[in-house]
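Here's the structure we're looking at; comments come further down.
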Amino acid sequence: MEQKPLTIYENMELNGYSRRDFLKFCSWLAAYIGIESSGVGKIVKAMETKPRLPVVWFHFQECTCCSESFIRSSHPIVSDIVLDKISLDYTETLQAAAGHQAEEVLHNTMKKYKGEYLMLVEGSVPTEDDGIYCCIGGRTALDIVQEAAAGAKAVVAWGSCASNGCIQAAKPNPTGATPIKNIISGVPIINVPGCPPIGEVMAGTIVHLLAFDRIPQLDGLGRPKAFYSRRVHDTCYRRPNYDAGLFVESFDDENAKRGYCLYKVGCRGPVTYNACGVMRWNDGVSYPIQSGHGCIGCSEANFWDNGPFYQHLSSFPGFGIETTADDIGVIVGAATVAGMAAHAISTNIRKRSQIREGIKESIEEVNNDKGGE
Amino acid sequence: MNSSKKIYVWELPVRFYHWLNALCIVALASTGYLIGSPPAVQSGSEASFGYWFGIVRFIHFVAAFVFFFNFLFRIYWGFVGNKFARWDQFIPYKPHHWKEILHVLCLDILQICKKPLKSIGHNSLAGLTYFITFLVFLFQSITGFGMYAAMSDSFLPNLFAWIVPLMGGDFAVRQWHHVMMWFFVIFSLVHVYLVFYHDYIEERGTISSMAGGWKFIEKNK
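Top to bottom, those sequences are chains A and B.
My numbering puts the first sequence at residues 38 to 410.
My numbering puts the second sequence at residues 321 to 541.
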């Protein structure tokens, strides 16, 4: 171990980056995390003075799509800075160490950098049957999370698994898969949902932590506002078609060819908060809506249970797969009308005498009036 | 022979509230339904030439604000209005309210009782139903403004932004906001039917009372 850990800038210099490259990178970072140009100086300063940030990256009930997305974030220096310049001390999928060595590294970091290391979690944590459905090194994920979170500076929940539970937590959730925010407390938690989240969003979140030494501004669901404050719908290039009432009716119709709004074929854009419409995927090449498929809302809680994906209203539990609230409403409405008709008939039968009485009284009164004239 | 006396039941603000509310609900439910399932329009025109869906949404939002403040006004009137408009007409907090509810169910809905019951304002069952309706008004206002908050910086909608995290996301909020639209449809059907029913059976001018405010009560009862 080094006596005095090198700063990020020193590390970059060692790797052959020039001062010019470094400054370019810093302004690019600033643009990425959405701060104004006057903030670039802060980033430069932070990078020049801060040592590498110790990071442990856990993988529990997940598919590693978050890691895959992350290593594909478009700017080459991102993977460089984040995988190289942060001190990624423990990550099951990328580390060279295995078995006891890996465990030792993890515990060294947790001990040496107590209260300083960043904990990144990919995947949900099973809680059913004492959490035995996900064990690493003979310990349950639940155990590991609780121990590691206790000494962490901040916890980042990568992806929908760690933020919302994702598919493991979909009904009937046999393993009791639980998002990180429901397991730990007392540590700042940043949720970065998505299945997977956009690589640049992940990098941006880390960079923010790295540069400013504090967590980014979060919304009500604990997501960084910089990336999750707008709905996919609000930043969608097809939005004018929505406002003009031009909708794709089925995937093979003329409207689909014209690129109309995918709202009626189940696009979840209007209820999904993410940066897909702005950052797009794979170096800004495209995103689902641009490819002609509606958003499935992968960064929203319970998106697997809010199906089917190709209709906008979710099916109603207990009424068959394609029955929506509207179908139920029509049935209840028809039953109500039938009930009213039956009631009206019943009224005329059961209250017959009362109605006749009223009419009789009225006739008498009219006759009396005439008699009085 | 029964002669009748007239009673001023619904004051002008109550009647005004009622019809404005009815108008808002018709506008909100119909535009809301359109927003949920827009009709298929086959058109080759560019999006820049049309804005009808935006207008439908605009009407929905404007009606929502009117509806909300009208609702607030009605709550206020529940504390300053006459005895037929007061808040205690809506909440069955005394045993005799519940007795009356059972009585109404037996007499008017199941039609198996003979003992007459003619209330001047709302009967207890109607009052309870309107109270539930007010709760749905509140729910629709909270969920509606909660969704609206995402595209607005103004103060009022953002007061309700907390509902989205509470319900777990926009999808659930939208789903329940939509489901509750059907409550209004069913309510309106039953409400209009029962007004006709009471007018027919009780001979007190129930229907016209919401226009002029007067009901006509038998003198010797």
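C-beta atoms are modelled at their ideal positions from N, C-alpha and C, and glycine is treated no differently.
Does any CB atom of chain B fall closer than 8 Å to the CB of residue i?
i, result
"A/D126", "no"
"A/V308", "yes"
"A/G168", "no"
"A/P42", "no"
"A/E410", "Annotation note: pLDDT 49 at A/E410 (below 50); position unreliable, coordinate value reported separately. By this cut-off, A/E410 is not an interface position."
"A/V269", "no"
"A/V374", "yes"
"A/F284", "yes"
"A/S352", "no"
DSSP on residue i, reduced to helix/strand/coil?
i, result
"A/A135", "coil"
"A/P307", "helix"
"A/A338", "coil"
"A/C172", "strand"
"B/F404", "coil"
"B/E331", "coil"
"A/A214", "strand"
"A/S106", "helix"
"A/R275", "coil"
Would residue i be called buried (16 or more neighbouring beta carbons within 10 Å of its own) or exposed?
i, result
"B/I452", "exposed"
"B/Y517", "buried"
"B/I527", "exposed"
"B/F391", "buried"
"A/M239", "buried"
"B/E366", "exposed"
"A/V367", "exposed"
"B/W339", "exposed"
"A/I45", "buried"
"B/D473", "exposed"
"B/K535", "buried"
"B/A349", "buried"
"B/Y396", "exposed"
"A/G152", "exposed"
Report, in whole angstroms, the separation of the C-beta atoms of residue i and residue j, which I expect to be a contact under 8 Å.
i, j, result
"A/R268", "A/P307", "6 Å"
"B/H498", "A/L350", "6 Å"
"B/F480", "B/I462", "5 Å"
"A/S161", "A/Q98", "5 Å"
"B/F373", "A/D364", "So it is not a contact: roughly 23 Å between Cβ atoms."
"B/L425", "B/L455", "Actually they are not in contact, since the Cβ atoms of B/L425 and B/L455 sit about 20 Å apart, beyond 8 Å."
"A/E286", "B/A360", "5 Å"
"A/R389", "B/Q431", "Going by Cβ atoms, the distance from A/R389 to B/Q431 rounds to 11 Å, so no, they are not a contact pair."
"A/G331", "A/R295", "Going by Cβ atoms, the distance from A/G331 to A/R295 rounds to 16 Å, so no, they are not a contact pair."
The ligand PLP heavy atoms versus the CB of residue i: any closer than 7 Å?
i, result
"A/D364", "This structure simply doesn't include the ligand PLP, nor any ligand for that matter."
At the 8 Å Cβ level, is residue i part of the contact set with chain A, yes or no?
i, result
"B/E331", "no"
"B/D490", "yes"
"B/A446", "no"
"B/E538", "no"
"B/H423", "no"
"B/H498", "yes"
"B/M321", "Its pLDDT being 45, under 50, B/M321 is placed unreliably in this model, and the value from its coordinates should be taken loosely. So yes, B/M321 belongs to the interface."
"B/P477", "no"
"B/F399", "no"
"B/G370", "yes"
"B/I506", "yes"
Just to confirm my understanding: we take residue i, look at its own chain, exclude 5 residues before and 5 after, and list those with CB closer than 8 Å. What are they?
i, result
"A/Y154", "L90, P91, V92, V93, D126, T146, M147, G188, A189, K190"
"B/V493", "T463, G466, M467, I483, V484, M487"
Could you confirm whether any beta carbon from chain D is found closer than 8 Å to the beta carbon of residue i?
i, result
"B/P358", "No chain D is present in this structure, whose protein chains are A and B."
Less than 7 Å between C-beta atoms, sequence neighbours within five positions excluded: which residues of the same chain meet that for residue i?
i, result
"A/T272", "G314, V315"
"B/P477", "F465, Y468, A469"
Report all residues from its chain with a CB closer than 6 Å to the CB of residue i; omit the five preceding and five following residues, and keep chain order.
i, result
"B/K326", "W534, F536"
"A/F95", "V158"
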